[in-house]
Structure formats: structure tokens, C-alpha cells
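Numbering (the numbering used here) for the sequence shown: 1 to 188. Backbone N, C-alpha and C define an ideal beta-carbon position, used for all residues, glycine too.
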Amino acid sequence: MFIRSERLFLRPAWPEDSEELLVRIGDEAVVRNLARVPWPYTAQDALAFVQKPQDHRLPSFLMTVPGAEGSRIVGGCGLSLLDDEVNLGYWVASGDHGQGYATEAARAVLTLACALGHRRVVAHHFIDNAASGRVLEKVGFRRTGRVAERFSQSRGYASPSREYEVVFEAPADCGGDGEGSIARRRAA
């Protein structure tokens, strides 16, 4: 499965990506904000990631930026299961922060999640990573009011994590344009 957004090409990881992936995500400042990625991140971790089979209902993508000399990996974005709920996760390489790549990729993956029939998607960010919360709000997530301790493999301990959700009311919600219009919350 592939997604083309305005600036990004989102695609599955391939075995030949393992070395570049190791360089791009192998940064403690990036990994410390991720719950399921170990630190230090090793060549074996990168190889395991690129060899992991894709789940068509929960795809994961590398964010790549096409260029004249080929494409380069700038991050990753995808869906997974967390506590039996569909969860959106993403990361951006340190040198590519502040470019809007996380927002663009998250918006594209949320559109896909809706098209795949998922009606609710959750996301979390560690409290000390407020920038991630801003990305989630830009793409239509709303705070659930739940803050819970969540274990981080890279930190080696649990840290407070804020939960967000997007609820799609109908398949027609899948094609929204603009900030936050991709999803509408159900009235409580």
C-alpha cells in the first residue's frame, strides 16, 4: 500500500531501507518520544522492522521525500493495535522537524484509516512532548481527558501520556480537507 500526499510518498519499508532507517531513527532525541522503540536502536532493530509483515488493516509507512537524487526517509507513520484499539503513531527524524511532515503524513494515514472502515482511532503522546500534541490537534484529534502512565522501551520506565481520539461518523468523513475536518466527534 502506498500514499502520495502533497510533498511525501508514504510506502512500506523494504529490506534495502534498513541502513538509512538506522541512521534516521537512531537518535535518542527521536526514540525517547516513542513507546515501542528501544534505545539504543540497533542494526538488528532496523532489520526486524523492515522485515515485519504488513497488516493491510493496520499499515505502517516510511515517510519519504522524493528528490532529484532519489528519495530520502524523513520519518514513519502508521496504524497499530494498542490495548485493542486502532492507534496512530509517527516519528520524524531530528533534521526534519518543523517541516510539517508529521502533520501531512498523519492526515493521509487518517484518511486511509477511515477508508479502511476504522471508526475510531486513538493516539498518545508523552506529556513532555507537547509538539506531538499540536500535530494531533491539527489533524483532528481531540483530547479524551485521559492521562495514563505508559511504558517507553527507550526510556526504560513509564511516563505520563495524554490520550487523543478521532471518531469518524460516516464513510463520507474520509475525504475532508483542511485542518481538523477529516474527523468529526460524535456528540456526547
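Item                                                                                                                                                          : Value
Output yes or no for whether 8 Å exceeds the beta carbon distance between valine 122 and glycine 140.                                                         : no
Count the C-beta pairs between the segment 36–53 and the segment 93–113 that are closer than 8 Å, then say yes if the count reaches three, no if not.         : no
Residue range of the alpha helix (DSSP H) that tyrosine 157 falls in?                                                                                         : Careful: tyrosine 157 lies outside any alpha helix (DSSP H), inside the beta strand (DSSP E) at 157–167.
If you follow the beta strand (DSSP E) that cysteine 77 is in, where does it begin and where does it stop?                                                    : 70–82
To the nearest angstrom, report how far apart alanine 29 and serine 94 are at their CA atoms.                                                                 : 7 Å
Let me check one thing: in DSSP terms, what residues is alanine 123 bridge-paired to?                                                                         : Tyr164
Using 10 angstroms around the beta-carbon of glutamate 69, count the other beta-carbons present and answer buried if the total reaches 16, otherwise exposed. : exposed
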